[in-house]
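Here is the structure we will look at.
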Amino acid sequence: MAPEVVRGEAYGPKVDIWSLGIMGLEMVEGEAPYQREARLRVSANPRHHSALLRVFLRCCLQADEDRRWSAQELLEVRKSKAAKGPAS
Numbered sequence: 001m002a003p004e005v006v007r008g009e010a011y012g013p014k015v016d017i018w019s020l021g022i023m024g025l026e027m028v029e030g031e032a033p034y035q036r037e038a039r040l041r042v043s044a045n046p047r048h049h050s051a052l053l054r055v056f057l058r059c060c061l062q063a064d065e066d067r068r069w070s071a072q073e074l075l076e077v078r079k080s081k082a083a084k085g086p087a088s
């Protein structure tokens, strides 16, 4: 669940973007995130993934909903070879 859902706050369509990022991470890692985590934390920057995948995951898994990208913004990532994603 997206952090805002876990905290019981109001939420919008970007919760689905969080879920997309979690599913993507699960697909490449072979297991669901948090299986070995004691707290709500996701490593969206593993070095063994491509730069584009790291950008995608970083954009999806922003804990701050305002910084998390929309579906439209994510679609633009694949069109841009210079995708940099949100500031760290």
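According to the UniProt record's numbering, the residues represented by the sequence shown are 1 to 88, in order.
Each residue gets a CB set at the ideal place from its N, CA and C atoms; glycine is no exception.
Report yes if the C-beta distance between residue i and residue j is below 8 Å; otherwise report no.
| i | j | result |
| --- | --- | --- |
| I22 | R68 | no |
| K14 | S80 | no |
| L20 | P33 | no |
Drop a sphere of 10 angstroms on the beta-carbon of residue i, count the other beta-carbons inside from all chains shown, and report buried for 16 or more, exposed for fewer.
| i | result |
| --- | --- |
| residue 93 | Here the chain comprises residues numbered 1 to 88, so residue 93 is not present and cannot be evaluated. |
| R39 | Unreliable placement is indicated for R39, whose pLDDT of 44 sits below 50; the coordinate value is still reported in the next sentence. By the 10 Å Cβ count, R39 comes out exposed. |
Could you tell me the distance, in whole angstroms, from the CA atom of residue i to the CA atom of residue j?
| i | j | result |
| --- | --- | --- |
| V6 | A63 | 11 Å |
| G8 | L61 | 18 Å |
| R58 | M1 | 16 Å |
| L52 | M27 | 15 Å |
At which residues does the alpha helix (DSSP H) containing residue i begin and terminate?
| i | result |
| --- | --- |
| K14 | 14-29 |
| A51 | 51-60 |
Within 8 Å of any Cβ in chain B, is that where the Cβ of residue i sits?
| i | result |
| --- | --- |
| W18 | Absent from the structure is chain B; it holds one protein chain and no more. |
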